[in-house]
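FYI, the numbering for the sequence shown is 30 to 622, going by my numbering.
Reading through the structure tokens given below for one structure.
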Amino acid sequence: MVETRSIRAELLVLLAAATIPLFALLAYAIYSSAATGVALAESNARNLAKITASDTDRIIRTNREALARIALRPMIRNAALGHCDDFLNDFHAVFPVFANATVIDPTGLAVCSAVAQPGGKPVNVAKAEWFQRALASQDFVVGRPFLEPITGRWVSVLISPVRGEGGDISGYLGFPIDLAAYRPSVSQADLGEYVTVGILDDQSTLIWRNIDPENWVGKNLAHMPASQRMIEGERKFTETGVDGIERVYFVESLTEADWHVFVGVPKHTLYQGAIRSGLINAGIGIVVLVLVLVLAARIGHRISSPMRKLAQVAVGIKHGDVALRATLDGPRELVEVAREFNAMIEVREDQRRRMSEREEALRQSNAELERFAYVASHDLQTPLRNIASYSQLLERRYKGRLDQDADDFITFIVDGAKHMSRLINDLLSYSRITSQGRPLVPVSAHQAAALALDNLQLAIDEAGGQVELAPLPEVLADEQQLVSLFQNLIGNAIKYRASDRPPEVRISAGDHSASHWIFTVADNGIGIDSQYFGKIFELFQRLAPSGDVDGTGIGLALCQRLVTRFGGTIGVDSIPGQGSTFWFTLPKVGNPR
């Protein structure tokens with residue numbers, strides 16, 4: 030297999046083999062860095078949710094403990110019986126985060142209030158959700174958010190039972206705490222743009238939200254998918270928030286109340302650090318790759334440019350510009366190659382000159398030999414005709430008048446003269462193939478084969494033979510010589526027939542290659558042993574004994590020389606006793622030899 034890749038391509042392959050593993054490691058490092066960055070961002074968000082949940086639990090727990098201590102005050106116990114303690118007013122003044130401080134009797138009547146009640150009459154909260162839950166649990170309760178009717182503020186009531194000396198509940202402390210008390214201690218600047226931190230109760234009511242709390246605190250978000258997933262207990266999920274921004278939510282539940290703290294980080298914000306890091310690393314990798322490619326291209330150019338020039342010199346020499354020489358530039362090794370190439374060209378040119386001289390001498394010698402053969406053969410014709418004529422004259426005049434030996438001798442002379450005449454004619458034809466051949470032009474092989482059959486018709490009829498001629502294409506040849514080629518091959522098929530069957534000959538043609546046709550002349554004759562396939566195309570080589578079949582041993586040699594002149598090849602396939610198939614190739618019209 031011929032390798033077609035250039036040196037530059039080979040360098041790029043080598044470069045790829047060296048850099049691909051490095052870039053695979055870089056890609057893994059980028060991925061690992063991105064994954065670590067995402068994991069860190071998620072961990073920070075999750076920790077913020079945990080810290081916020083812990084702080085909210087601490088606020089509720091601290092207030093629960095404070096209410097439990099306040100409930101132990103004697104005046105508070107008495108207040109449940111209708112005797113109010115000024116401590117409530119003082120407590121409310123010191124801790125304004127509480128919207129009010131009230132004492133509620135077991136029937137739900139707010140008997141004491143740090144904030145004046147509407148109309149100066151006690152408010153009954155018996156139907157309030159948080160009071161109903163306190164009655165049912167007889168324990169500390171964190172009420173669901175509502176708009177406090179006395180103060181008009183969004184609050185969540187922290188309610189704790191007040192027990193008498195015997196442990197029986199004599200009333201309840203109800204401290205409505207402003208929902209702003211649950212605001213996380215982290216600033217929006219620390220959180221980042223559009224990062225939300227909020228608290229949601231078990232009914233999807235928003236306790237707190239760091240972004241736009243005035244419009245969102247106290248709103249019920251049960252219709253929002255994110256709220257539903259928090260209530261269902263999911264701890265991490267991606268969902269679109271109330272403001273239409275897609276966020277990744279991290280959720281933690283409180284232990285002091287059935288509330289949920291959430292931290293929502295915009296998806297692009299969560300991954301932007303990892304993306305930025307990946308882009309930086311990828312940019313560095315691309316810069317390195319470009320530098321490596323530029324370096325490889327420069328190295329490749331330094332190597333391939335002299336090689337390309339060397340190839341151009343070789344092509345120029347191939348097309349006849351023998352004065353071209355390779356330039357001695359580039360890497361040292363290529364300079365050595367160019368120097369050796371130039372030396373090789375000098376040697377080759379010297380050999381070519383000497384070979385041309387020898388070829389010219391050989392052509393002259395062959396031409397002289399052909400002229401000699403032609404002249405010798407032609408000059409032999411006259412004395413040979415005289416010998417044949419006088420031999421035949423002796424045969425006609427004295428046959429039967431001399432003894433038998435004399436008759437036999439005369440017959441031998443006549444037969445020898447005839448054979449010599451045929452031999453000389455064949456030699457003349459052989460010598461004239463090149464010297465007197467006409468230019469090769471498009472001719473119809475079918476017409477040439479038909480003319481050959483006409484010339485052989487008498488011999489075919491005498492042998493009782495049948496010849497099948499398939500359509501044959503046009504070829505580049507000398508028509509007269511092509512007729513001679515077919516005539517020799519078909520004549521041999523008739524001549525060397527089997528004794529037990531009439532001869533059958535099939536002439537056909539087909540595609541051999543893009544530039545040549547292949548022709549076959551197949552017969553059912555005596556066949557040829559494979560050891561003689563090459564020998565039969567030599568001059569004066571005959572396989573049949575001279576007395577069996579008349580011939581000179583020149584016919585197939587002449588066929589080979591004709592096919593060679595036309596630009597083809599000739600051969601034979603045969604099975605002794607079954608027949609032979611002679612084949613030869615000829616150029617197609619329109620294709621160079």
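No residue lacks a Cβ here, since even glycine has one placed at the ideal position from N, Cα and C.
For the pair residue 504 and residue 481, the CB atoms are not nearer than the 8 Å cut-off. By alpha-carbon distance to residue 506, the top candidate from 82, 308 and 590 is 590. Within the same chain, Cβ atoms closer than 6 Å to the Cβ of residue 295 are found at 223, 274 and 276, the five residues on either side in sequence being excluded. Closest option to residue 519, judged by alpha-carbon separation, among 529, 533 and 527: 533. With fewer than 16 other Cβ atoms from the protein chains shown falling within 10 Å of its own Cβ, residue 297 counts as exposed. Cβ-Cβ distances below 8 Å link residue 128 to 144, 177, 179, 180, 182, 184, 205, 206 and 207 in the same chain, with the five nearest sequence neighbours on each side left out; the list follows chain order. Counted as a single uninterrupted DSSP element, the beta strand (DSSP E) harbouring residue 265 occupies residues 265-269.
Setting aside the 5 residues that flank it on each side, residue 212 is surrounded in the same chain by 237, 239 and 242, each with a C-beta closer than 8 Å to its C-beta; the list follows chain order. Per DSSP, residue 252 has no beta bridge partner at all. With a cut-off of 8 Å on Cβ pairs, the stretch 314-334 is not in contact with the stretch 82-102, counting fewer than three such pairs. For residue 592, the CB contacts under 8 Å within the same chain, skipping 5 residues up- and downstream, are 514, 598, 599, 613, 614 and 615 in chain order.
For residue 469 against residue 548, the beta-carbon gap comes to about 16 Å, at or over 8 Å, which does not count as contact.
DSSP places residue 223 in the coil class of the three-state scheme, outside both helix and strand. Taking residue 287 as the centre and dropping the five residues before and after it, the same chain places the C-beta of 231 closer than 6 Å to its C-beta, in chain order. Straight through space, the alpha carbons of residue 272 and residue 191 are spaced by roughly 44 Å.
Under the DSSP assignment, residue 506 falls in the beta strand (DSSP E) whose first and last residues are 503-506. Closest in C-alpha terms to residue 476, from the list 529, 490 and 537, comes 537. DSSP places residue 566 outside any alpha helix (DSSP H), giving it a letter other than H or E. For residue 79, the three-state secondary structure derived from DSSP is helix. Between residue 303 and residue 66, the CB-CB gap stays under 8 Å. When the Cα atoms are used, residue 485 and residue 386 turn out to be separated by approximately 45 Å. In terms of Cβ geometry, residue 139 and residue 152 form a close pair [threshold 8 Å]. When secondary structure is reduced to three states using DSSP, residue 147 falls in the helix class.
Taking all protein chains in view, the Cβ of residue 552 is crowded by 16 or more other Cβ atoms within 10 Å, so the residue is classified as buried.
Rounded to whole angstroms, the separation of the alpha carbons of residue 79 and residue 169 is 23 Å.
Between residue 131 and residue 221, the C-beta spacing is not below 8 Å. Rounded to the nearest whole angstrom, the C-alpha separation of residue 374 and residue 510 is 41 Å. Partner residues in a beta bridge of residue 380, as assigned by DSSP, do not exist. Assigned with DSSP and collapsed to three states, residue 278 falls in strand.
Counting along the chain, no beta strand (DSSP E) covers residue 160; the unbroken alpha helix (DSSP H) around it starts and ends at 158-166.
Boundaries of the beta strand (DSSP E) around residue 190: 183-192.
In this structure residue 87 does not touch residue 187 by the C-beta definition: roughly 14 Å separates them, more than the 8 Å allowed. The alpha-carbon of residue 259 is positioned some 23 Å away from that of residue 162. Its chain contains 229, 259, 280 and 282 as the residues whose beta carbon lies nearer than 6 Å to that of residue 289, once the 5 sequence neighbours on both sides are disregarded; these appear in chain order.
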